[in-house]
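Protein chains in written order, with my numbering: chain S, 18 to 318; chain A, 2 to 226.
Data first, discussion second: the structure below is written as structure tokens.
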Amino acid sequence: MFSRIAYALRETWESFRRNLTLTAAAVLTSAVSLLLVGSTFLIQRAFENLLVQWRGDVEMIVFVRSDASAEQVALIDSVLRASPTIIDIEKLRYLNKTESYEEAKRIFAGDPVTLGLLTPESIPTQFKVVPLSEDPLLVRSLSDQYRTLPGVEAVALAEDEFEVISTLSNFIRVVTLVTSLVLLLVAVGLIWNTIRTAMFARRREIEVMKLVGATNWFIRIPFMLEGLLQGLIGGIVSCGGLWVLNSAWTSGVTGFKPGTGISSLVVPDSYLTSVMFILLGIGAFVGAIGSAIAATRFLDV
Amino acid sequence: MIRLENVTKIYGTETVAVRDASFDIPKSQFVFLVGPSGSGKSTLLRLINRQEQPERGDVWVAGRNINELPASRVPHLRRSMGNVFQDYKLLLNKTVFENVAFALEVIGKPRHVIARQVPIVLDLVGLADKQDRFPNQLSGGEQQRVSIARAFVNRPLIMLADEPTGNLDPTTSEGIMGLLDEINQTGTTVVMATHDHRVVNAMRRRVIQLDRGVILRDQERGVYE
Numbered sequence: 018m019f020s021r022i023a024y025a026l027r028e029t030w031e032s033f034r035r036n037l038t039l040t041a042a043a044v045l046t047s048a049v050s051l052l053l054v055g056s057t058f059l060i061q062r063a064f065e066n067l068l069v070q071w072r073g074d075v076e077m078i079v080f081v082r083s084d085a086s087a088e089q090v091a092l093i094d095s096v097l098r099a100s101p102t103i104i105d106i107e108k109l110r111y112l113n114k115t116e117s118y119e120e121a122k123r124i125f126a127g128d129p130v131t132l133g134l135l136t137p138e139s140i141p142t143q144f145k146v147v148p149l150s151e152d153p154l155l156v157r158s159l160s161d162q163y164r165t166l167p168g169v170e171a172v173a174l175a176e177d178e179f180e181v182i183s184t185l186s187n188f189i190r191v192v193t194l195v196t197s198l199v200l201l202l203v204a205v206g207l208i209w210n211t212i213r214t215a216m217f218a219r220r221r222e223i224e225v226m227k228l229v230g231a232t233n234w235f236i237r238i239p240f241m242l243e244g245l246l247q248g249l250i251g252g253i254v255s256c257g258g259l260w261v262l263n264s265a266w267t268s269g270v271t272g273f274k275p276g277t278g279i280s281s282l283v284v285p286d287s288y289l290t291s292v293m294f295i296l297l298g299i300g301a302f303v304g305a306i307g308s309a310i311a312a313t314r315f316l317d318v
Numbered sequence: 002m003i004r005l006e007n008v009t010k011i012y013g014t015e016t017v018a019v020r021d022a023s024f025d026i027p028k029s030q031f032v033f034l035v036g037p038s039g040s041g042k043s044t045l046l047r048l049i050n051r052q053e054q055p056e057r058g059d060v061w062v063a064g065r066n067i068n069e070l071p072a073s074r075v076p077h078l079r080r081s082m083g084n085v086f087q088d089y090k091l092l093l094n095k096t097v098f099e100n101v102a103f104a105l106e107v108i109g110k111p112r113h114v115i116a117r118q119v120p121i122v123l124d125l126v127g128l129a130d131k132q133d134r135f136p137n138q139l140s141g142g143e144q145q146r147v148s149i150a151r152a153f154v155n156r157p158l159i160m161l162a163d164e165p166t167g168n169l170d171p172t173t174s175e176g177i178m179g180l181l182d183e184i185n186q187t188g189t190t191v192v193m194a195t196h197d198h199r200v201v202n203a204m205r206r207r208v209i210q211l212d213r214g215v216i217l218r219d220q221e222r223g224v225y226e
């Protein structure tokens, strides 16, 4: 058993060295495509941070002053419920101080100054309103009405703040996703080609192996490992690139004035780490697929 | 040990390489397959180690119908056979020792077995002192000896040789035939395809003569004609 593993590893390494230029091309292509995949994840997450308050078709948020009394909150609630034809009562949600603070932590992840000013006590609570009406003017007139209620601090409309961004984020998501998928396919093709070339270069050895009774798996595994390694190295390179990109972005954003929306485009490190693991996984998968197809297809040399 | 029953092999749609061939080769026999190029000698060998499968008929090896063998068992069938070719098929980037060791390595034999078996078989073929040479540093006869060593190192039941003396001069050929004879003496069945008259006539073994895929003659202690 040990000698078989040693054999597979030795052969993998030898072949890797022999095809250095092709290998480098395959590794770089997978790295670039994976970097794009990773960027897609991060951009998506950044936009989500920005849009987190507007999740689930919320189009209006009624912020309630942190010092509002329970009666005032109840009054606002009953006023909201008084327009069941315009507001979706089922989806009406009230976020108390703890919940609002949790949300704020995400929105102000890249803006510690603003976040520092907020405490679970001082934060405004909020009603998330999902309108039934498609008429923006109706929703707007409603918001003007709510603004005058006692205890209401402000009323925000999605239309004013994030409509553009959400459209933009959808567009960017589609573009980056399609581009990275195409590049991933190219990476599979390149790895496939590298493995095919490696097998062609060693067709004599493969012929001898088959004649003396080596199993197909024994012959195939070093080639598959080689492809897997190429994908994995591509993944590692892309992780490095993603880290550099994200660090540059994060430090760039901290230069902005606190309180502007841009600061919420910062992604927490824990998320970056999980994206990196995903990239390594996809890289290995891409390599394994490309080489498995080649190794199965070209075994009959 | 090897039995063919009404075997027909057709390449493509028209080319009949072997037509209705039947014979039975008992254990430890030495058999020549003779005939001109394209008469079907190599195809018969390829049918025996299942590099090819017949359109009709059955091939039996060591009591098993190898055409019914699942593809996953073919490697194990091949481990019971040694193959020798006209062009040696040695790996040029490996030394003599490594070439022979390769055959054991790729079927997963442990290192200590390789270290013990390879010198024994290199000694048998008379190349113990050249184990660190590369194939290009050897004569044709020596290269063929390496290839025989590689075919024999796993002690196969059957040795299949396709024109093993095809590239060698008469004296060298004699040496190679002596070696194959020696291997045959150990109980290994040897099937050798050749169109070398001298070799066949000198050995006086069973001769199966082919012409355009058909067996014309099957004779004990035959000559080439």
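Cβ atoms here follow ideal geometry from the backbone N, Cα and C, with glycine treated the same way.
Simplified DSSP assignment, three categories, for residue i
{"i": "S:V318", "result": "Low confidence applies here, because S:V318 scores a pLDDT of 47, under 50, leaving its location unreliable; read the following figure in that light. Coil."}
{"i": "S:P148", "result": "strand"}
{"i": "S:G307", "result": "helix"}
{"i": "A:L211", "result": "strand"}
{"i": "S:L37", "result": "helix"}
{"i": "A:N1", "result": "With chain A covering only 2 through 226, there is no way to say anything about residue 1 of chain A."}
{"i": "S:T46", "result": "helix"}
{"i": "A:Y89", "result": "coil"}
{"i": "A:L158", "result": "coil"}
{"i": "A:Y225", "result": "coil"}
{"i": "S:T142", "result": "strand"}
{"i": "S:V284", "result": "coil"}
{"i": "S:A265", "result": "helix"}
{"i": "S:G298", "result": "helix"}
{"i": "S:T76", "result": "Contrary to the premise, residue 76 of chain S reads as Glu rather than Thr in this sequence. Looking at S:E76 - three-state DSSP - the assignment turns out to be coil, as it is neither helix nor strand."}
{"i": "S:R21", "result": "helix"}
{"i": "A:E56", "result": "coil"}
{"i": "S:T29", "result": "helix"}
{"i": "A:N168", "result": "coil"}
Proximal residues to residue i (C-beta, below 8 Å), its chain only, five neighbours per side dropped
{"i": "A:E53", "result": "K10, T44 and R47"}
{"i": "A:F103", "result": "L92, K95 and R151"}
Cβ neighbours of residue i in the same chain (closer than 7 Å, five flanking residues each side left out)
{"i": "S:G346", "result": "The question about residue 346 of chain S has no answer, for chain S in this structure spans 18 to 318."}
{"i": "A:V119", "result": "F98, V101, A102 and V154"}
{"i": "A:R213", "result": "S40"}
{"i": "A:R134", "result": "T96 and V97"}
First through last residue of the alpha helix (DSSP H) which encompasses residue i
{"i": "A:S23", "result": "Per DSSP, A:S23 belongs to no alpha helix (DSSP H); it is in the beta strand (DSSP E), T16 to I26."}
{"i": "A:Q144", "result": "G141 to F153"}
{"i": "A:V200", "result": "H198 to M204"}
{"i": "S:E116", "result": "K114 to I124"}
{"i": "A:A104", "result": "V97 to E106"}
{"i": "S:T131", "result": "P129 to L134"}
{"i": "A:T45", "result": "A small correction: the amino acid at residue 45 of chain A is Leu; Thr does not occupy that position in the sequence shown. From DSSP, the alpha helix (DSSP H) with A:L45 extends over K42 to I49."}
{"i": "S:V156", "result": "P153 to R164"}
beta-carbon residue i near the ligand ATP non-hydrogen atom, thresh 8 Å
{"i": "A:F33", "result": "Although the ligand ATP was asked about, the structure shown includes no ligands whatsoever."}
Unbroken beta strand (DSSP E) run spanning residue i, endpoints
{"i": "A:N185", "result": "Where A:N185 is concerned, there is no enclosing beta strand (DSSP E), although the alpha helix (DSSP H) it sits in stretches over P171 to Q186."}
{"i": "A:N84", "result": "M82 to F86"}
{"i": "A:R4", "result": "I3 to Y12"}
{"i": "A:V35", "result": "F31 to V35"}
{"i": "S:A231", "result": "That residue, S:A231, is in no beta strand (DSSP E); it is neither H nor E in DSSP."}
{"i": "A:V126", "result": "That residue, A:V126, is in no beta strand (DSSP E); it is neither H nor E in DSSP."}
{"i": "S:L174", "result": "V169 to L174"}
Chain-ordered chain A contacts of residue i [CB-CB under 9 Å]
{"i": "S:S20", "result": "E106, G109, K110, P111, R112 and I115"}
{"i": "S:Y288", "result": "The contacting residues do not exist; S:Y288 stays about 45 Å from chain A at best."}
Neighbouring residues, chain A, relative to residue i (Cβ below 7 Å)
{"i": "S:M226", "result": "V107"}
{"i": "S:F217", "result": "Simply none; closest approach about 15 Å."}
Interface residues of chain S facing residue i [CB-CB closer than 8 Å]
{"i": "A:F153", "result": "Per Cβ cutoff of 8 Å: no residues; A:F153 is ~11 Å from chain S at best."}
{"i": "A:R80", "result": "V229 and G230"}
Cβ neighbours of residue i in the same chain (closer than 6 Å, five flanking residues each side left out)
{"i": "A:S23", "result": "L5, E6 and N7"}
{"i": "S:P239", "result": "A25, E28 and T29"}
{"i": "A:N185", "result": "F31 and V191"}
{"i": "S:V318", "result": "For S:V318, the predicted model reports a pLDDT of 47, less than 50, meaning its position is unreliable; a value from the coordinates is still stated below. So the list reads R220 and I223, once near-sequence residues are dropped."}
Neighbouring residues, chain S, relative to residue i (Cβ below 9 Å)
{"i": "A:K90", "result": "R221, E224, V225 and L228"}
{"i": "A:F103", "result": "E222, V225, M226 and V229"}
{"i": "A:H77", "result": "G230 and T232"}
Partner residues on chain S for residue i, Cβ-Cβ distance less than 7 Å
{"i": "A:F98", "result": "Those do not exist, as A:F98 stays about 15 Å from chain S at its closest Cβ, beyond 7 Å."}
Count the C-beta pairs between the region 43-58 of chain S and the region 251-262 of chain S that are closer than 8 Å, then say yes if the count reaches three, no if not.
yes
Are at least three pairs of beta-carbons, each pair with one atom in the region 159-174 of chain A and one in the region 204-215 of chain A, less than 8 Å apart?
Touching, no.
For the 8 Å Cβ check, are there 3 or more pairs between the region 111-131 of chain S and the region 142-149 of chain S?
Counting Cβ pairs under 8 Å, three or more are found: they touch.
Say whether the region 73-87 of chain S touches the region 153-173 of chain S, bearing in mind that this needs 3 or more beta-carbon pairs closer than 8 Å, one atom from each stretch.
Three or more Cβ pairs drawn from the region 73-87 of chain S and the region 153-173 of chain S lie within less than 8 Å of each other, which places the two stretches in contact.
With contact counted as at least three CB pairs below 8 Å, one residue from each stretch, are the region 178-185 of chain A and the region 297-310 of chain S in contact?
no
Does the region 27-35 of chain A come into contact with the region 124-134 of chain A, if we say contact requires no fewer than three beta-carbon pairs (one atom in each stretch) closer than 8 Å?
no
For the region 80-89 of chain A and the region 156-170 of chain A, state whether three or more C-beta atom pairs, one from each stretch, are separated by less than 8 Å.
yes
Does the region 57-66 of chain A come close enough to the region 104-111 of chain A to have 3 or more Cβ pairs within less than 8 Å?
no
contact_flag[the region 59-69 of chain S, the region 211-223 of chain S] where n(CB pairs < 8 Å) is 3 or more:
no
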